[in-house]
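Residue numbers (the numbering used here), protein chains in the order written: chain A, 8 to 120; chain B, 31 to 145. All residues carry an ideal CB built from backbone N, CA and C; glycine is no exception. Let me begin by presenting the structure, written as structure tokens, before commenting on it.
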Amino acid sequence: EPEVTQTPSHQVTQMGQEVILRCVPISNHLYFYWYRQILGQKVEFLVSFYNNEISEKSEIFDDQFSVERPDGSNFTLKIRSTKLEDSAMYFCASTRKPNTEAFFGQGTRLTVV
Amino acid sequence: AQKVTQAQTEISVVEKEDVTLDCVYETRDTTYYLFWYKQPPSGELVFLIRRNSFDEQNEISGRYSWNFQKSTSSFNFTITASQVVDSAVYFCALRPVDSNYQLIWGAGTKLIIKP
């Protein structure tokens, strides 16, 4: 069964460092998303991406964040200068069409120290 | 305002009991989509169901059933004959029609099934 895969599963980084979280969406999906979940809290939307551009982004997704689809399979989230409050589980998701169900990856747990 | 409320923070039941997780949503839209996701202790988010606002039929899938009541803006989820493997955090989410992209999430209900 096709699935969304994310790497790494856990990343520890020092405050101020850049991190890149990687995702491989389901191959025939066209819409890609990043969400985050601070430990014990609700899931929050960060950004959606379609046709090689950002479709929608939340207030959380400020200039420190960027997304890219560098090739036909990967979808990355970059945080330029990490802060302690960026520590969270980051989920990548993809959908075939906008209103169909989103399939999520296993998540990357980012810990900023 | 678009909002999802899951008032039950945590529910604990004994195995084989039935349990209902509540979800109440707010939206001005007449067209929208509702979802339930399960987050087991391993952390991933597992899709359970999608419902569009024009389809008020209740749905049953094995031990799972969903009751969509547009009049009360609720989309409740019932697990019949609960099992220990059902222990997880369950999230209800809303996708408004003016946003084809983002899901608005409830805070989640942590369900503990005791043997």
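*Can you give me the start and stop residues for the beta strand (DSSP E) that Glu56 of chain B sits inside?*
Position 26 of the second sequence, counted from the first residue, corresponds to residue 56 of chain B. Per DSSP, Glu56 of chain B belongs to the beta strand (DSSP E) from 54-56.
_Within chain B, the residues that Ala95 of chain A reaches when beta carbons sit closer than 9 angstroms_ = By 1-based counting over the first sequence, the position of residue 95 of chain A is 88. Neighbours of Ala95 of chain A on chain B: none; closest Cβ ~12 angstroms, over 9 angstroms.
*Closer than 7 angstroms by beta-carbon distance: list the chain A residues that pair up with Leu141 of chain B, in chain order.*
Residue 141 of chain B sits at position 111 when you count from the first residue of the second sequence. Near Leu141 of chain B there are no residues of chain A at all, since even the closest Cβ is about 15 angstroms away, more than 7 angstroms.
*Rounded to the nearest angstrom, how far is the Cβ of Ser95 of chain A from that of Ile45 of chain A, given a contact under 8 angstroms?*
The residue labelled residue 95 of chain A in the question sits at position 88 within the first sequence. The residue labelled residue 45 of chain A in the question sits at position 38 within the first sequence. Note on residue identity: the sequence assigns Ala, not Ser, to residue 95 of chain A. 5 angstroms between Cβ atoms; contact.
_So Glu108 of chain A contacts chain B; which residues on that side make the cut at Cβ distance below 8 angstroms?_
As a first step, residue 108 of chain A is located in the first sequence; it is residue number 101 there, counting from the start. Near Glu108 of chain A (Cβ distances below 8 angstroms), the residues of chain B are Phe65, Phe77, Arg80.
*Return helix, strand or coil for Val114 of chain B, following the three-state DSSP convention.*
What you label residue 114 of chain B is simply residue 84 of the second sequence in a count that begins at 1. Val114 of chain B falls in the helix class under three-state DSSP.
_If you measure between the beta carbons of Asp52 of chain B and Gln69 of chain B, is that distance less than 7 angstroms?_
Residue numbering aside, residue 52 of chain B sits at position 22 when the second sequence is read from its first letter. Residue numbering aside, residue 69 of chain B sits at position 39 when the second sequence is read from its first letter. No, these two residues do not count as a Cβ contact at 7 angstroms.
*If the cut is a Cβ gap below 7 angstroms, which residues of chain B does Phe52 of chain A touch?*
Locating residue 52 of chain A in the first sequence gives position 45, counting from the first residue. Those are Gln132, Leu133, listed as they occur along chain B.
*asked:* Could you pull the DSSP bridge partners for Leu141 of chain B from this structure?
replied: Stepping through the second sequence from its first residue, residue 141 of chain B is reached at position 111. Its beta-bridge partners are B:Ile41, B:Ala118.
*How long is the line joining the alpha carbons of Lys144 of chain B and Ala111 of chain B, rounded to whole angstroms?*
Translated into the one-based positions of the second sequence, residue 144 of chain B becomes position 114. Translated into the one-based positions of the second sequence, residue 111 of chain B becomes position 81. So the two alpha carbons sit approximately 12 angstroms from each other.
*If you measure beta-carbon to beta-carbon, which residues of the region 74-87 of chain A are closer than 9 angstroms to chain B?*
none
*Could you tell me the boundaries of the beta strand (DSSP E) in which Asn106 of chain A lies?*
Within the first sequence, the letter at position 99 stands for residue 106 of chain A. Premise fails: Asn106 of chain A is in no beta strand (DSSP E) and is neither H nor E.
*Report yes if the C-beta distance between Tyr38 of chain A and Pro105 of chain A is below 7 angstroms; otherwise report no.*
Walking along the first sequence from the start, residue 38 of chain A turns up at place 31. Walking along the first sequence from the start, residue 105 of chain A turns up at place 98. In contact: Tyr38 of chain A and Pro105 of chain A (Cβ atoms closer than 7 angstroms).
*Any beta-carbon of chain B closer than 7 angstroms to the one on Gly47 of chain A?*
Within the first sequence, numbered from 1, the residue matching residue 47 of chain A stands at position 40. By this cut-off, Gly47 of chain A is not an interface position.
*Can the beta-carbon of Glu89 of chain B be found closer than 7 angstroms to that of Lys100 of chain B?*
The residue you call residue 89 of chain B lines up with position 59 of the second sequence. The residue you call residue 100 of chain B lines up with position 70 of the second sequence. Not a contact, by the Cβ cut-off of 7 angstroms.
*Run of the beta strand (DSSP E) containing Ser55 of chain A, from where it starts to where it stops*: As a first step, residue 55 of chain A is located in the first sequence; it is residue number 48 there, counting from the start. Segment 50-57, the beta strand (DSSP E) holding Ser55 of chain A.
*asked:* Strictly below 8 angstroms CB to CB, what residues from chain A border Gly136 of chain B?
replied: For the purposes of this step, residue 136 of chain B is identified with residue 106 of the second sequence, where counting begins at 1. Within chain A, the residues near Gly136 of chain B are Lys49.
*Could you check where the beta strand (DSSP E) with Leu117 of chain A kicks off and where it finishes?*
As a position in the first sequence, residue 117 of chain A is number 110, starting the count at 1. Counting along the chain, the beta strand (DSSP E) containing Leu117 of chain A begins and ends at 115-119.
*Start-end ranges of the beta strand (DSSP E) lying completely within the region 67-102 of chain B, minimum 3 residues*: 76-82, 89-91, 94-99
*For Arg87 of chain A, count neighbouring Cβ atoms within 10 angstroms of its own Cβ and tell me buried if that reaches 16, exposed if not.*
Walking along the first sequence from the start, residue 87 of chain A turns up at place 80. The residue in question, Arg87 of chain A, is exposed, as its Cβ has fewer than 16 Cβ neighbours within 10 Å.
_Beta-carbon neighbours of Gly92 of chain B, restricted to chain D and to distances below 7 angstroms_ = You won't find chain D in this structure, because its protein chains are A and B.
*Measure the C-alpha to C-alpha separation of Trp66 of chain B and Gln132 of chain B and round it to an integer number of angstroms.*
For the purposes of this step, residue 66 of chain B is taken as residue 36 along the second sequence, with counting starting at 1. For the purposes of this step, residue 132 of chain B is taken as residue 102 along the second sequence, with counting starting at 1. Approximately 14 angstroms between the Cα atoms of the pair.
*Tell whether a beta-carbon distance below 7 angstroms holds between Lys140 of chain B and Glu45 of chain B.*
Residue 140 of chain B sits at position 110 when you count from the first residue of the second sequence. Residue 45 of chain B sits at position 15 when you count from the first residue of the second sequence. For Lys140 of chain B and Glu45 of chain B, no; Cβs fall outside 7 angstroms.
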